[in-house]
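Sequences listed follow chains A and B, in order. Read in the numbering used here, the first sequence has 168 at position 168, and its numbers run on one by one without any break. Start counting at 1 in the second sequence, then tack on 1000, and there's your number in the numbering used here. Single-structure report; data block below.
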Amino acid sequence: MTQANQTEQHTLVALVEDKPGVLTKVASMFRRRGFNIASLAVGNSEQPGLSRMTFVVNGDEYTVGQVVKQLDKLIEVIEVADITSERIVSRELALLKVKTTPMNRGEIIQIVNLFRANIIDVGSDSMVIEITGEEDKINALHNLLAAFGIIEMLRTGLVAMVRGQANGTANGHDGQANGQS
Amino acid sequence: MELTGAEIVCESLLKEGADVVFGLPGGAVLPLYGALSTYPAIRHILVRHEQAAAMAADGYSRATGKVGVCVATSGPGATNLVTGIAAAQMDSVAMVAITGQVPRPAIGSDAFQETDVTGVTLPITKHNMLVMDVKDVAQSIHDAFHIARTGRPGVVLVDIPRDVLLGEKTEFVWPTETKLPGYRVPGKAPEAQVAAAAELINQAQKPLIMSGHGVLISHAYGLMTELAEKAQIPVITTLLGISAIPTDHELNIGMSGMHGMAYTNLAIDESDLIIGLGMRFDDRVTGRISAFAPNAKFIHVDIDASEVDKNIKATVGMVGDLKAVLGQLLPKVEANIHIDWRRRIDQLKAEHPSHIIRESDELLPQYVVQRLTEVTQGRGIVVTGVGMHQMWAAQHCKFTEPNTFITSGGLGTMGFEVPAALGAQVGRPDTTVWSVCGDGGFQMTMCDIATAVECHADVKFAILNNNSLGLVHQLQELFFEKDYVASEYSANPDFVKIAEAYGIRGIRVTKKEEVVDAVQQAMETAGPVIVDFIVKEDEGLFPFIPSGQSVKEMLEEPVPKEIA
């Protein structure tokens, strides 16, 4: 069904069984249905044997609704929720390797400090910067550093969580709280 | 009691009520066959090609409502199942496929007959699993059957390495429950939605029910018919929904869609409420979606949440089991007569009589189907493959009992008609199964005539032999400037001699007056019979709404003359 709805960025969180092949099944579903993953982050959850996945998906309401339903249909997906409209905290980590010269090193350090980012490696003509934050913040730093020449960039993809006591986010059947901001 | 993995598979099959399996052995799965010989309660049917094992299990499942089981070895055995698995999955058929895998230490080494079968079947199964520990075998089989048969049924593949089947023994403990924290089966729909749906039905002037495969799967045909009768709502059946309501029921207005009845499609065009039950508004049903039922609101009930609002945005969409939801809905629906609407449909039917076959001296394939169904009086099971023969069967066969039309709908699989008919007959041994075949599809799977002979299966193969890939031929005629490339056969075999080679009766029919006699003779002959109907080669299939078009572009036959 095609609808002229606006394409927006949605953040989905899923609790999944930590078994071989689950990531493949999730990725295969996205590929087969023609959904686009902007980012995907996977890691352990607070419950043994279960992982939590954070997806960033671009699409209109219909498409994202289908993504949620198709994810939910996978047997190993225990719960999935679109938390875009919830009060959430979200973070991403990026590593940026930037070209440096003795002339501009000071300027770069200044920018890094402004962003409360960290320099984690310094070479004679490059440095590696670590930044954690929301997507916009990382984009902003990236844009500023691009002028100096970025040799390599690596982003983890967004992880996100609903603020306060568990509500709306995928947190299993035991109703355990999901952490807070 | 300590058992091997293979013995646990057999014990588990019996616990799940699976007493028939279709399969073909090979190295990796051989330990399972070793165990099977000590479990005489499980009947193994040896096919000639694994594709037939999957399709026979499919036919068995559809005819019985039980889970169909097929077995194949690793590598090519398992990959030969693939088309049958995809067909069953597309049509929501409950099936468990058990495949042998190379021993655990060899997995990933490109060993002899190694294929990543869980990888291959990932997008065409409801679920699949590779069982790496003999202690997990019983739980896996239990979970597999549960997933296959509940909710929207589908195929579950269980891949078991040879050394898990044959290695260490373990205590057989039948699990008391499934271990599926992420799997939930919908039941009833929220009352507010049911009330909203009832309101829509009570207000509608021109309602139609579209009854899909889900109505048959959930055994909701009784309630569906009750709903239709209470509010006098005409019923359309989708291809897979055929036989949910008797063909002769006064409210049944037949199949809609690409090759549906013209009057049925025209009724949809005028309808103000479509009640979609256990169907998915697939493109063959809707044509161009923006032009489908332009005046209608939609009630959509399906057990698969992802189907609701997928193709059609429902005015009221309900996720639940049809039997439960119709049970909720019925008391809220007011009795009605819809007299103007029913008269209008009768008028459409009179103006567009696409169910009537034109008079001709030649042997028309539709005529064969019509005579066949007259002789059988709509009893027994009809199985088809895909193509013109399938559509003629869907248009002209009569049905009196639910679940008696078995066809490859979603995947549209040629060759389905031979093994699926065999499977259906094995599942319903007291029933005659008519396999209406195309000459193209029949040749894809006719090797398994041998299996039907070995099973003494009462399957009658009616080949509508037009010496071509008829539907392709028609598409070439209409849309590829009559460029009939690769759609005509120049050396079809003599199907009567094929029958004789298999030691069964073969009958050739070339004239109209021979049809009834041939059908009767086939019925009177025990076991499989092949009837080769040499039909008019270039007979077109109508009505026809070309792909992506709407009822406005529907091609109807030239005005027919009525036949007696």
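Just so you know, even glycine gets a beta-carbon here, dropped at the ideal spot from N, CA and C.
Can you name, in chain order, every residue of its own chain whose Cβ lies under 8 Å from the Cβ of residue i, other than the five neighbours on each side?
i	result
A/M1	With a pLDDT of 47 at A/M1, under the threshold of 50, the modelled position of this residue cannot be trusted, and the question is left open.
B/Q1366	I1357, W1392, Q1395, H1396, E1539
B/V1515	L1363, Y1367, V1368, R1371, L1372, V1509, F1533
A/L145	L96, V98, I108, I111, I129
Spatial neighbours of residue i within its chain, please: CB distance less than 6 Å, with the 5 preceding and 5 following residues excluded, ordered by chain position.
i	result
B/V1185	T1150, G1151
B/I1124	I1085, A1086, Q1089
B/P1161	Q1101, P1103, R1104
B/G1077	G1026, E1050
B/A1305	V1319
B/I1530	F1461, F1495, A1499, G1506
B/G1214	G1278, L1322
Output yes if chain B places a C-beta closer than 7 Å to the C-beta of residue i; else output no.
i	result
A/M1	Only weak support exists for where A/M1 lies, its pLDDT of 47 falling under 50; the value from the coordinates is given anyway. Yes, contact with chain B.
A/E135	no
A/V78	Here residue 78 of chain A is Ile; the residue named in the question, Val, does not match the sequence. Yes, A/I78 lies at the interface with chain B (some Cβ there is under 7 Å from its Cβ).
A/P102	no
A/K73	yes
A/Q6	no
A/Q110	no
A/R32	yes
A/Q70	yes
A/S28	yes
Mapping DSSP to helix, strand and coil, what is residue i?
i	result
B/G1327	helix
B/I1339	helix
A/N139	helix
B/F1442	helix
A/N118	strand
B/H1595	Any question about residue 1595 of chain B goes unanswered here, given that chain B covers just 1001 to 1564.
B/M1565	Outside the shown range of chain B, which is 1001 to 1564, sits residue 1565 of chain B, and nothing can be said about it.
B/T1315	coil
A/T54	strand
B/E1417	helix
A/N36	coil
B/H990	Outside the modelled stretch of chain B, which goes from 1001 to 1564, sits residue 990 of chain B, for which no answer is possible.
B/G1241	helix
B/M1224	helix
A/V67	helix
A/V162	strand
B/H1146	helix
B/T1099	strand
B/M1391	helix
B/G1023	strand
B/K1460	strand
B/C1455	coil
B/D1321	coil
B/I1303	coil
A/D189	Any question about residue 189 of chain A goes unanswered here, given that chain A covers just 1 to 181.
B/T1121	coil
B/T1373	helix
B/F1479	helix
B/P1186	coil
Once the 5 residues before and after residue i are set aside, which same chain residues still bring their CB inside 7 Å of it?
i	result
B/D1019	A1041, I1042, R1043
A/P20	none
B/A1138	I1008, S1012, F1172, V1173, W1174, P1175
B/Y1183	I1147
B/S1061	V1067, G1068, V1093, A1094, M1095
B/E1537	N1466, N1467, S1468
For chain A, check one thing: does any of its Cβ atoms lie closer than 7 Å to the Cβ of residue i?
i	result
B/G1287	no
B/A1296	no
B/A1314	no
B/A1305	yes
Is the shortest distance between the beta-carbon of residue i and the beta-carbons of chain D less than 7 Å?
i	result
A/D18	Of the chains in the structure shown, none is chain D; the protein chains are A and B.
Residues of the segment 42–61 of chain A with a CB closer than 7 Å to any CB of chain B: list them in chain order, please. none
Alpha helix (DSSP H) segments (min. 4 residues) lying fully within the segment 1043–1097 of chain B: Here the runs fully enclosed are 1050–1064, 1076–1090.
Scan the segment 1171–1185 of chain B for residues whose Cβ lies nearer than 7 Å to a Cβ of chain A and list them as they occur along the chain. Listed in chain order, the positions of the segment 1171–1185 of chain B with a beta carbon within less than 7 Å of a beta carbon of chain A are L1180, P1181, G1182, Y1183.
Please identify, using Cβ separations under 7 Å, the residues of the segment 1112–1138 of chain B that lie next to chain A, in order along the chain. For the segment 1112–1138 of chain B, residues whose beta-carbon sits nearer than 7 Å to a beta-carbon of chain A comprise T1118, L1122, P1123, H1127.
Members of the segment 1076–1096 of chain B near chain A, C-beta cut-off 8 Å: none
Ignoring anything shorter than 3 residues or poking outside the segment 1529–1557 of chain B, list the beta strand (DSSP E) runs there in chain order. 1529–1534
What are the residues in the segment 1137–1152 of chain B lying within 8 Å of chain A by C-beta distance? I1147
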